[in-house]
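Residue numbers (mature numbering (1 follows the signal peptide of the UniProt record, and there is no 0)): -21 to -1, 1 to 84.
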């Protein structure tokens, strides 16, 4: 039974070690589009007081521009912590020149 357990462990470990393609380990190429998500915003001294990013008066949600934003769910833990990741639809390209913009677009 002990040899079988070690073989099963080695097989599972080998499969897990091969799986590397996710957002946290992605290697960006020059000019590749980078996804930017927005989340909740709140004061540092009171973590219970949070606001949706698009509730701020100076940021317009994509809905106001005529289409529904795409949401990304990070899992049950993210939901229980009150995180709601929304695709900002801001166009960012890795290692490309950009100009400074004073207001969100």
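We treat Cβ as the ideally placed atom computed from N, Cα and C, and that holds for glycine. A quick note: this is a predicted structure, and the numbers were derived from the prediction, not measured.
* **DSSP state of residue 15 mapped onto helix, strand, coil** => In the three-state scheme derived from DSSP, where H, G and I count as helix and E and B as strand, residue 15 is classed as coil.
* **Residue ranges of each alpha helix (DSSP H) within the region 25 to 72, 4 or longer** => If only uninterrupted alpha helix (DSSP H) runs of at least 4 residues are considered, those enclosed by the region 25 to 72 are 55 to 59.
* Skipping 5 residues on each side, what residues in its chain have a beta carbon closer than 6 Å to that of residue 49? -> Cβ neighbours of residue 49 beyond the five flanking positions: 66.
* To do: Measure the Cβ-Cβ separation of residue 7 and residue 20 and say whether it is below 9 Å.
  => No, the pair does not count as a contact, with Cβ atoms beyond the cut-off.
* Look at the alpha carbon of residue 26 and the alpha carbon of residue 53, and state the distance between them as a whole number of angstroms. => When only Cα atoms are considered, residue 26 and residue 53 end up about 20 Å apart.
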